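See structure below.
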Amino acid sequence: MVQGDVETRLLTNLRRGALEYCVLALLRRGESYGLDIAHALSTDGVLITSEGTLYPLLSRLRTGGLVTTSWQESTSGPPRRYYRLTKDGVAALESFERAWEPFRDAVDRTLNGTTP
Amino acid sequence: MIGPPNTRTAAVERYLRDLSAALGGVRPDERADIVASVTDHIDSALDGIESPTPDDVQRVLDGLGDPMAIAASAARTESRRVPVPERTWVPAAAVLSLLLGGVLFFLVVPMVLWLAGLILLWVSPLWRVWEKALGTLLVAPLGYALVGSVFFPSGYVESCSSDSTGVVECTSSGPSWLAAALGIGAIAGAFAAAGYLWWAGTRRARERGNQFAYDLTTDGSTL
Chain R
20 MVQGDVETRL
30 LTNLRRGALE
40 YCVLALLRRG
50 ESYGLDIAHA
60 LSTDGVLITS
70 EGTLYPLLSR
80 LRTGGLVTTS
90 WQESTSGPPR
100 RYYRLTKDGV
110 AALESFERAW
120 EPFRDAVDRT
130 LNGTTP
Chain F
1276 MIGPPNTRTA
1286 AVERYLRDLS
1296 AALGGVRPDE
1306 RADIVASVTD
1316 HIDSALDGIE
1326 SPTPDDVQRV
1336 LDGLGDPMAI
1346 AASAARTESR
1356 RVPVPERTWV
1366 PAAAVLSLLL
1376 GGVLFFLVVP
1386 MVLWLAGLIL
1396 LWVSPLWRVW
1406 EKALGTLLVA
1416 PLGYALVGSV
1426 FFPSGYVESC
1436 SSDSTGVVEC
1446 TSSGPSWLAA
1456 ALGIGAIAGA
1466 FAAAGYLWWA
1476 GTRRARERGN
1486 QFAYDLTTDG
1496 STL
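Those protein sequence lines, which keep their order, are chains R and F. The opening residue of the first sequence carries number 20 in my numbering; numbering runs sequentially from there. The opening residue of the second sequence carries number 1276 in my numbering; numbering runs sequentially from there.
This is how it looks when you write it as structure tokens:
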């Protein structure tokens, strides 16, 4: 397997655990358009590679009751879709935060060889 | 893009068609949801531009990326369901079929029921091979054959003796204690094995159900 393929697979697997929580975290700041979430996530190309891959994830978060969406009339142009966190979404995000820091620190310590 | 949706350019329409086609393997309601979101993304992005040029449109579509990549992402988060042979009702169904089918094994319908239970037992990954063998042998006609041997006439112990004139006389003296013990042991064994298979199978099916739930939520999808 080409080195690039290995890293791509690796990133995909790493994202699988954290990406939805990053989306939830962005929504915690306030309801957003899909476009804004996509732009925020794609700035460094690490979290998502192409903006379109956000939408299956948002669809799943909706099905799972972590996010709700509504279409709202805009002054110019077609109605636009807003996304918003639900209570379950807030709770899920908080669970992730509690788990993430110790996990991240443990991985970092182990990689840096500073585990006691 | 200022204006109603029917002024979307050909490039946008083609992109959305490609996306819908690439999402062919996804559930229809989910597919429609994703396409609606992406359409909204495109409309919103172009709405911010005064007079979008074809280059502007292409830039937005490039930012979204290859429809195939979006479909791949949808496939990765596709909801997975516990395969049928591993579901929580399977142990009960298999064990009951074997027990009920085994009781009246000499009739056709129970025989079919027993076979169905046997197939389920062997096909399902919920039991180890030795457990399946246990189910086949114990929770099975074997148990009832032994029982039958106790209560049917041929199972009775006969003592035969021949007297001086060569006449053989046989008398039945009821089931021997050995045959009775074997029969009771077989019944007890059959029910014990059935109970064990039911308990072990149900416990493992529940674990798999929980594992699927965990996998699904970390994938960002749900039950």
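Ideal placement from N, C-alpha and C gives every residue a C-beta, glycine not left out. What you are looking at is a predicted structure, and each value in this text was computed from that prediction instead of being measured.
Amino acids of chain F, ordered along the chain, whose beta-carbon sits closer than 8 Å to that of residue i
i, result
"SER114 of chain R", "Ordered by position in chain F, no residue passes the 8 Å Cβ test against SER114 of chain R, which lies about 10 Å from the chain."
Chain F contact residues for residue i, given Cβ-Cβ distances below 7 Å
i, result
"ARG100 of chain R", "SER1312, ASP1315"
"LEU77 of chain R", "SER1312"
"LEU54 of chain R", "HIS1316, SER1319, ALA1320"
Cβ neighbours of residue i in the same chain (closer than 6 Å, five flanking residues each side left out)
i, result
"TYR1290 of chain F", "LEU1336"
"GLU50 of chain R", "TYR101, ARG103"
"LEU45 of chain R", "ILE56, ALA59"
"HIS1316 of chain F", "none"
"ALA1307 of chain F", "none"
"THR72 of chain R", "none"
Own chain partners of residue i with C-beta closer than 7 Å, once the 5 adjacent residues on each side are dropped
i, result
"ARG1302 of chain F", "none"
"GLY84 of chain R", "THR105, ASP107"
"LEU1294 of chain F", "VAL1310, VAL1313, PRO1342, ILE1345"
DSSP state of residue i mapped onto helix, strand, coil
i, result
"VAL1221 of chain F", "This structure gives no information on residue 1221 of chain F, because the portion of chain F shown stretches from 1276 to 1498."
"SER1429 of chain F", "Because SER1429 of chain F carries a pLDDT of 49, less than 50, the predicted location of this residue cannot be relied on, and the following value inherits that uncertainty. Helix."
"THR105 of chain R", "coil"
"SER1326 of chain F", "coil"
"ARG1292 of chain F", "helix"
"THR1314 of chain F", "helix"
"ARG100 of chain R", "strand"
"VAL1370 of chain F", "helix"
"VAL1442 of chain F", "coil"
"TRP1473 of chain F", "helix"
"THR129 of chain R", "helix"
"SER51 of chain R", "strand"
"THR68 of chain R", "coil"
"VAL1414 of chain F", "coil"
"THR87 of chain R", "strand"
Closest by C-alpha distance to residue i, when choosing among the options
i, options, result
"LEU43 of chain R", "R:PHE115, R:GLY132, R:GLU92", "R:PHE115"
"GLU113 of chain R", "R:LEU30, R:ARG47, R:LEU76", "R:ARG47"
"ALA1346 of chain F", "F:VAL1398, F:GLY1299, F:TRP1473", "F:GLY1299"
"THR88 of chain R", "F:THR1440, F:ALA1311, F:ILE1462, F:LEU1294", "F:ALA1311"
"THR82 of chain R", "F:LEU1472, F:GLU1305, F:GLU1406", "F:GLU1305"
"ARG99 of chain R", "R:LEU33, R:GLU26, R:TYR52", "R:TYR52"
"THR1328 of chain F", "F:THR1440, F:ALA1475, F:ALA1285, F:GLY1476", "F:ALA1285"
"ASP1330 of chain F", "F:THR1363, F:VAL1287, F:ARG1292", "F:VAL1287"
"GLU70 of chain R", "F:GLU1325, F:GLY1340, F:LEU1321, F:GLY1323", "F:GLY1340"
CB contact below 8 Å: residue i versus chain R
i, result
"ILE1324 of chain F", "no"
"GLU1288 of chain F", "no"
"ASP1308 of chain F", "yes"
"ALA1480 of chain F", "no"
"ALA1344 of chain F", "yes"
Contact set between residue i and chain R, taken where Cβ atoms lie within less than 9 Å
i, result
"ALA1297 of chain F", "Within chain R, no residue comes near ALA1297 of chain F; the closest Cβ sits about 10 Å away, beyond 9 Å."
"SER1361 of chain F", "The displayed chain sequence assigns Glu, not Ser, to residue 1361 of chain F. Those within 9 Å of GLU1361 of chain F in chain R number zero; the least Cβ separation is about 23 Å."
"GLU1305 of chain F", "PRO75, SER78, ARG79, THR82"
Minimum Cβ-Cβ distance from residue i to chain F less than 8 Å
i, result
"THR87 of chain R", "no"
"ALA57 of chain R", "yes"
Contact list for residue i against chain R, beta-carbon separation under 7 Å
i, result
"LEU1339 of chain F", "SER69, GLU70, GLY71"
"ALA1349 of chain F", "PRO75"
Beta-carbon proximity list for residue i, same chain, < 8 Å, skipping 5 on both sides
i, result
"GLN1391 of chain F", "The sequence given here has Ala at residue 1391 of chain F, not Gln. So the qualifying residues of the chain are SER1372, GLY1376."
"LEU76 of chain R", "LEU38, GLU39, VAL42"
Short CB-CB distance (under 8 Å) between residue i and chain B
i, result
"TRP90 of chain R", "The structure shown contains no chain B; the protein chains it does contain are R and F."
Closer than 7 Å: residue i CB and nearest the ligand ZN heavy atom
i, result
"SER1348 of chain F", "This structure simply doesn't include the ligand ZN, nor any ligand for that matter."
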